[in-house]
Every structure is written in C-alpha cells, then in structure tokens.
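To convert, count from 1 in the sequence shown and add 55; that's my numbering. Ideal Cβ positions, reconstructed from N, Cα and C, are used throughout, including at glycine. Owing to the predicted nature of the structure, the values given are computational and were not obtained by experimental measurement. Since the structure comes first, as structure tokens, the remarks are kept for the end.
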Amino acid sequence: MKYLPINNQLFIKNRGLFNTKITGNDIAIFNANDIMPTNADGTMPFRQNNDLFWLSGVDQEESVLIISPNHPDKNMREVLFLKETNEHIAIWEGAKLTKEGALKTSGIKTVFWLNELDDKLAELISKADAIYLNKNIHSRAASKLQTRDDRFRNMIGEKFSNKLIKEVAPIMHELRSIKSELEIGLIQNACNITEKGFRRILPMIKPGVMEYEIEAELIHEFLSNRSNGFAFQPIIGSGIDSCVLHYIENNKECKDGDMVLMDFGAEYANYASDFTRTVPVNGRFSQRQKAVYNSVLHVMKEAIKMLTTGTMFKEYNKEVGRIMELELIKLGLLDKHDVQKQDGEKPLYKKHFMHGTSHYLGLDVHDVGNLEWPMKEGMVFTCEPGIYIQEEGLGIRLENDILVRANGPDDLMKNIPIEAEEIEEFMNS
Numbered sequence: 056m057k058y059l060p061i062n063n064q065l066f067i068k069n070r071g072l073f074n075t076k077i078t079g080n081d082i083a084i085f086n087a088n089d090i091m092p093t094n095a096d097g098t099m100p101f102r103q104n105n106d107l108f109w110l111s112g113v114d115q116e117e118s119v120l121i122i123s124p125n126h127p128d129k130n131m132r133e134v135l136f137l138k139e140t141n142e143h144i145a146i147w148e149g150a151k152l153t154k155e156g157a158l159k160t161s162g163i164k165t166v167f168w169l170n171e172l173d174d175k176l177a178e179l180i181s182k183a184d185a186i187y188l189n190k191n192i193h194s195r196a197a198s199k200l201q202t203r204d205d206r207f208r209n210m211i212g213e214k215f216s217n218k219l220i221k222e223v224a225p226i227m228h229e230l231r232s233i234k235s236e237l238e239i240g241l242i243q244n245a246c247n248i249t250e251k252g253f254r255r256i257l258p259m260i261k262p263g264v265m266e267y268e269i270e271a272e273l274i275h276e277f278l279s280n281r282s283n284g285f286a287f288q289p290i291i292g293s294g295i296d297s298c299v300l301h302y303i304e305n306n307k308e309c310k311d312g313d314m315v316l317m318d319f320g321a322e323y324a325n326y327a328s329d330f331t332r333t334v335p336v337n338g339r340f341s342q343r344q345k346a347v348y349n350s351v352l353h354v355m356k357e358a359i360k361m362l363t364t365g366t367m368f369k370e371y372n373k374e375v376g377r378i379m380e381l382e383l384i385k386l387g388l389l390d391k392h393d394v395q396k397q398d399g400e401k402p403l404y405k406k407h408f409m410h411g412t413s414h415y416l417g418l419d420v421h422d423v424g425n426l427e428w429p430m431k432e433g434m435v436f437t438c439e440p441g442i443y444i445q446e447e448g449l450g451i452r453l454e455n456d457i458l459v460r461a462n463g464p465d466d467l468m469k470n471i472p473i474e475a476e477e478i479e480e481f482m483n484s
C-alpha cells in the first residue's frame with residue numbers, strides 16, 4: 056500500500072461499535088473481495104471489501120474476519136484468517152502480512168492461516184445461535200457477478216443449514232455512515248491531495264490541450280502524494296460533453312471558448328474524495344458562462360448551509376430545487392408562469408438539473424447510508440449542483456465534500472479555488 060500506516064485504534068474502536076449491535080451467541084463473518092480478472096491471466100488491482108477494511112484495516116486478498124463478541128473464550132471473539140506467505144509468493148508477489156503484522160495493523164491478537172479456516176469455522180459456528188453474513192445491498196448496486204461473500208453464503212447454507220442466517224449489511228451501513236475523527240482525517244487527506252491535483256492542472260488548461268492530458272497530470276500528482284489513484288473514473292468533459300453526466304472517454308481536444316467540466320477525486324487509504332470544477336478553456340469566462348457559473352455557485356452555497364444535523368433529504372432536495380428554479384428563471388431557461396403551473400411530481404428544473412445534489416461519501420464514493428435518515432454529526436456528503444444547457448453546449452457543475460458537525464457544515468474543500476474571479480486569476484497568473 057502507498058498510504059502511511061493507520062492508527063489501529065480506528066479499527067479497534069470500530070469493532071467495539073460493531074460488537075454493541077450483536078446479541079447472544081451470534082457471530083459475524085466478513086470476507087475480502089476477489090481479485091477481479093481481465094483477460095488471459097490478467098487481473099485488476101486488488102480493492103479490499105470496505106466492511107472488512109473498516110473493521111480490521113487489513114488490505115489483503117483472501118482474508119476472513121470472524122467476530123463473536125460473546126464467545127466464552129475471549130481469544131476467539133475476534134479472529135482473523137490470512138493467506139499464508141511463503142518464499143514463492145514473496146518472490147513473485149511480495150511479502151504478505153505476517154501474524155505479527157496483522158496484529159499491528161488491526162489490533163486483533165488471534166490470527167490463523169487460511170488453511171485452518173474450515174476447522175475453526177466449524178468450531179465457532181457450533182456455539183453460535185445465528186450467523187451474520189454480508190452482501191452488497193447498496194441501492195445503486197448493479198453487478199450480477201457472484202462475489203466471495205456470495206460463495207461463502209452458499210457454503211454456509213450447505214454445511215450449516217440448521218443455523219439462522221442474518222444480514223450484517225444494515226448494521227454496517229448504519230455504523231459506517233457516521234465518521235470518526237480518525238476517518239475524517241483520512242478523508243481530509245484525500246481532499247487535500249485532490250486540491251494539489253486541481254492546482255497542478257489549472258495553469259495547463261488552454262486551447263489545444265487534450266482531455267486525457269489533464270487526466271494524466273492528475274494521476275501524476277495523486278500517486279506522488281501516496282494516493283492509490285482516482286477514487287472513481289475521472290470525468291474530463293469539454294464543450295458539449297460537459298453536459299454528459301458520466302462522460303469518461305476523456306479523448307477530445309479542449310477548444311477556445313468552451314468550458315471543461317472536471318469531476319474527479321483522489322483516494323487515500325481506501326477513503327474517497329469527490330470534487331468538481333468547471334473552468335473556461337481559454338482562462339476567461341464569457342458573460343453567459345459566468346452568469347450560469349455564478350447561478351450554480353449560489354445554489355451550492357445555499358445547499359451547503361442546509362447540510363446540518365436533523366435535515367431530512369426529502370426537504371433538502373425540495374428546497375434546493377426551489378432555489379435552482381429561481382436561478383433558471385433568472386437565466387432565461389425557465390418561465391416563471393410555467394413554473395407556477397408545473398406538475399410538482401415533474402418539476403421543470405429537472406430539464407437542466409437532472410441529478411441529485413448530495414450523496415454519502417466515505418470508503419465508497421457513493422457511500423453506504425440511508426437517504427431516509429436525518430443528517431447526523433459525523434456524516435460526510437457531497438454537494439454538487441449543476442446546470443446543463445444542451446442547446447448551448449454548456450454544462451457547469453461544482454462540487455465540494457461537506458462534513459456535518461454539531462455547530463454546522465464543515466467544508467473539507469474550503470481551501471480550493473471556486474469563485475469565478477479566483478479561477479481566472481489562477482489560470483492567468
């Protein structure tokens with residue numbers, strides 16, 4: 056891993072929180088993600104299962120964590136299983152975690168090699184009333200691939216059919232939605248690296264630069280600062296492609312007079328940042344571009360004020376929509392009389408602002424959490440309004456990451472230039 060060692064108190068405290076949710080003799084089992092194949096013998100870079108990482112800090116494939124908070128043997132209440140390293144693996148892949156290294160990383164004292172899993176699993180399950188198993192229940196999850204968790208669930212069903220199966224994902228969603236100060240520090244680090252990337256690319260954006268050249272400069276800056284890379288596929292869309300919400304080809308020339316929308320974020324220690332700026336390719340906003348830009352910025356500033364404890368998403372989105380309507384009327388994109396007569400279920404502003412304003416942020420870019428919950432201290436959200444005008448080939452989105460604190464919203468990206476005048480000054484200095 057490129058990131059610096061994380062204080063294992065984070066994972067010890069996380070397991071303590073998790074243990075309060077488990078009653079009786081129930082146990083919970085967490086599996087690492089698979090290493091995903093490409094073609095022939097190729098593989099994608101490994102990305103750990105976020106729940107296992109949140110509970111242990113172990114960032115290695117083929118790992119299994121079993122938590123049994125009320126096991127009569129205290130040494131068996133937290134058990135980690137790891138792929139055993141050997142000389143061949145060390146030569147071809149690099150050394151894996153030792154048992155001592157796993158203790159240092161996770162704070163878990165009982166560590167076995169993976170080849171002992173079957174015997175220990177049978178022993179642990181024999182004393183369990185129910186088994187908590189994991190699966191991806193994220194509202195946006197669309198993958199049909201069978202995961203390691205899926206295969207493990209099938210095995211448990213076959214070998215231990217007399218045991219009650221419970222779902223651990225709802226517990227993890229609740230716990231992970233509230234970030235500790237240590238987690239906030241990691242997210243802030245990801246945001247700081249993102250800031251360095253943005254400051255690096257602004258001076259190079261000029262007519263003739265290719266979108267992929269901007270992407271290349273960003274990844275250089277990210278890797279130079281111990282990031283694993285992009286937290287998600289970066290969007291570098293100029294001209295009409297600034298209106299494509301998830302444009303990732305990044306293969307066109309940035310042209311004089313166009314805007315370029317850049318939606319990207321660095322990942323640090325598996326924690327994501329998510330950031331968007333839209334800037335004029337030639338370094339100067341036209342009058343129309345600045346008017347639209349400032350409308351988006353106004354909506355963003357007003358939306359951030361509402362990211363406070365107790366706010367409900369439904370009311371938040373409704374109020375953001377109302378503010379956006381007023382801006383679109385000012386820009387001549389909506390008629391106020393049409394707005395007064397509109398169907399409340401199909402608001403007219405959605406022609407030019409068709410996506411949500413905020414989502415949870417953490418180990419996942421679209422992090423786990425329920426949009427029906429009131430906002431609470433420790434939650435982190437994006438704030439990303441946009442206006443897209445297909446007829447003008449003009450799309451502008453702005454996005455910062457916001458921490459909900461007891462005394463109000465804390466903008467984790469407040470030091471990154473965002474005012475139109477700041478952008479112009481930086482691009483022309």
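Any 3 or more C-beta pairs closer than 8 Å across the segment 242 to 256 and the segment 272 to 279 | yes
Proximity to ASP128 [Cα-Cα], best of LYS182, GLU454, LYS307, GLY450 = LYS182
Span separating the alpha-carbon of ASN455 from that of ASN305 = So the alpha carbons of these two residues sit roughly 22 Å apart.
Helix, strand or coil at PRO335 [DSSP, three-state] | strand
Reduced DSSP category for ASN455 - H, G, I as helix; E, B as strand; rest coil | ASN455: strand per DSSP, three-state reduction.
Residue range of the beta strand (DSSP E) that includes GLY417 | GLY417 -> no beta strand (DSSP E), and no H or E assigned at all.
Whose CA, out of LYS261, GLY263, ILE256, lies closest to the CA of ALA271?
-> ILE256
Bridge partners of ASN86, per DSSP?
-> VAL119
Which residues in the same chain as ALA461 place their Cβ atom closer than 7 Å to its Cβ, once the five residues preceding and following it in sequence are excluded?
-> Residues of the same chain with a CB within less than 7 Å of the CB of ALA461, apart from the 5 flanking positions on each side, are THR364, GLU432 in chain order.
Among ALA95, LEU107, GLY112, LEU179, the one whose alpha carbon lies nearest that of HIS126 = LEU179
Determine which residues share a DSSP beta bridge with SER198 and list them.
-> The partner list for SER198 (beta bridge, DSSP) is empty, contrary to what the question assumes.
Any idea what DSSP makes of SER328, helix, strand or coil?
-> In the structure shown, SER328 adopts coil according to DSSP, grouped into three states.
Residue of THR165, ILE163, GLU116, GLU171 minimising C-alpha distance to ILE144 | GLU116
Coil, strand or helix - LEU219 by DSSP = strand
Contact belief for ILE163 with GLU139 at Cβ below 8 Å, rounded distance in angstroms = With a Cβ gap of about 16 Å, ILE163 and GLU139 do not count as contacting.
Between LEU383 and ASP329, which are expected to be in contact by the criterion C-beta below 8 Å, what is the C-beta distance as a whole number of angstroms?
-> That belief does not hold up - the Cβ atoms of LEU383 and ASP329 are roughly 24 Å apart, past 8 Å.
Could you check if ILE90 is buried or exposed, using at least 16 other CB atoms within 10 Å of its CB as the buried criterion?
-> exposed
Cβ-based burial, GLU155 [other Cβ within 10 Å; buried from 16] | Exposed, because fewer than 16 other Cβ atoms sit within 10 Å of the Cβ of GLU155.
Please classify ASP205: does DSSP put it in a helix, a strand, or coil?
-> helix
Use the C-beta contact count for GLU148: other C-beta atoms within 10 angstroms, 16 or more gives buried, fewer gives exposed.
-> exposed
Could you tell me whether any Cβ in chain B is nearer than 9 Å to the Cβ of GLU480?
-> Protein chain content of the structure displayed is limited to a single chain, and chain B is not contained in it.
Apart from the five residues just before and just after LYS57, which ones in its own chain have a Cβ nearer than 8 Å to its Cβ?
-> Sequence-distant partners of LYS57 (beyond 5 residues in either direction) whose C-beta falls short of 8 Å from its own C-beta, in its chain, are LEU278, ARG281, SER282, ASN283.
Excluding sequence positions up to five away, which residues of its chain have a Cβ less than 6 Å from the Cβ of ASN104?
-> Excluding its 5 nearest sequence neighbours in each direction, ASN104 has C-beta neighbours in its own chain below 6 Å: ALA87, ASN88, listed in chain order.
State the CB to CB distance for the pair GLU439 and THR333, rounded to an integer number of angstroms; the pair is presumed to be in contact (CB under 8 Å).
-> Wrong, their Cβ atoms sit about 11 Å apart, outside the cutoff.
Starting from SER279 and walking both ways along the alpha helix (DSSP H), at which residues does that stretch end?
-> 266 to 279
Are the beta-carbon atoms of PHE73 and ILE122 separated by less than 9 Å?
-> yes
Can you name, in chain order, every residue of its own chain whose Cβ lies under 8 Å from the Cβ of SER198, other than the five neighbours on each side?
-> ASN191
Cut-off 7 Å between Cβ atoms - residues of its own chain near ASP106, not counting five sequence neighbours on either side | PHE85, ASN189, MET227
Could you give the distance in angstroms between the alpha-carbon of TYR371 and the alpha-carbon of VAL423?
-> 19 Å
Alpha helix (DSSP H) segment containing PRO225, residue limits | 224 to 231
In whole angstroms, what is the alpha-carbon distance linking ASN337 and ASP311?
-> 6 Å
Given 8 Å, three or more beta-carbon pairs between the segment 314 to 323 and the segment 352 to 366 = no
According to DSSP, what are the bridge partners of TRP168?
-> LEU137
In the structure shown, what three-state DSSP assignment does ASP81 receive?
-> DSSP, reduced to helix, strand and coil, places ASP81 outside both helices and strands of the structure shown, so it counts as coil.
Beta bridge counterpart(s) of ALA185 as assigned by DSSP = LEU219
Could you pull out every residue in the same chain whose Cβ sits closer than 8 Å to the Cβ of VAL347, ignoring the five residues on either side in sequence?
-> LEU386, ILE442, ILE444, LEU449, ILE451
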